[in-house]
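With positions in the sequence shown counted from 1, the corresponding number in my numbering is that position plus 246.
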Amino acid sequence: MAADESYPNDLKYHREHDWARIEGDTATLGITWYAQDALGEIVHFEPPDEGGSLARDESYGEVESVKAVSDLISPLSGEVVEVNAAVIEAPEKVNEDPYGEGWLVKIRLSEPGEVDDLLDAEAYKQLVDEQ
């Protein structure tokens, strides 16, 4: 069952519909409710390699749904320290709980100042409402 629409206030948002939960020098990344809803049922997650680098605004993997294959766009730069193996095994977790069990990767930030360029929940909601 898909999650209800929400955009938690404790997260930062990227214009490409990815979110970041900042905890010290690490960030957990995932796709927003809006993104998973637009994609439909997610059937595959192609993650980056642990130990690899992500660059802000660059693709770091793919999610495949019954409708399309979509690139994941990183909201921040850093080193991949963990990939959510549960989502590789059960990609539907992204639809069911996009901000909880459906997270995708954790990174160690290489450019912490990039966080300041992300949107807060209110600004992201306005962006979604305009689409």
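Yeah, the Cβ is synthetic: ideal placement off N, Cα and C, and Gly gets one too.
Keep in mind the model is a prediction, meaning the values are calculated, not measured.
Item, Value
"Along the chain, where does the beta strand (DSSP E) containing residue 352 start, and where does it finish?", "351 to 355"
"Could you spell out the range, first to last residue, of the alpha helix (DSSP H) harbouring residue 370?", "367 to 376"
"Would you check if the distance between the CB atom of residue 293 and the CB atom of residue 334 is smaller than 9 Å?", "yes"
"Going by CA-CA distance only, name the one from 263, 290, 274 that's closest to residue 284.", "263"
"Do residue 349 and residue 297 have their CB atoms nearer than 9 Å?", "no"
"Would you report the Cα separation of residue 271 and residue 375, rounded to the nearest angstrom?", "31 Å"
"Going along the chain, which residues of its own chain have a beta-carbon closer than 7 Å to the beta-carbon of residue 332, five neighbours each way excluded?", "339, 347"
"Out of 320, 268, 313, which one is the CA nearest neighbour of residue 286?", "313"
"On the DSSP bridge list, what partners appear for residue 297?", "Its beta-bridge partners do not exist; DSSP assigns none."
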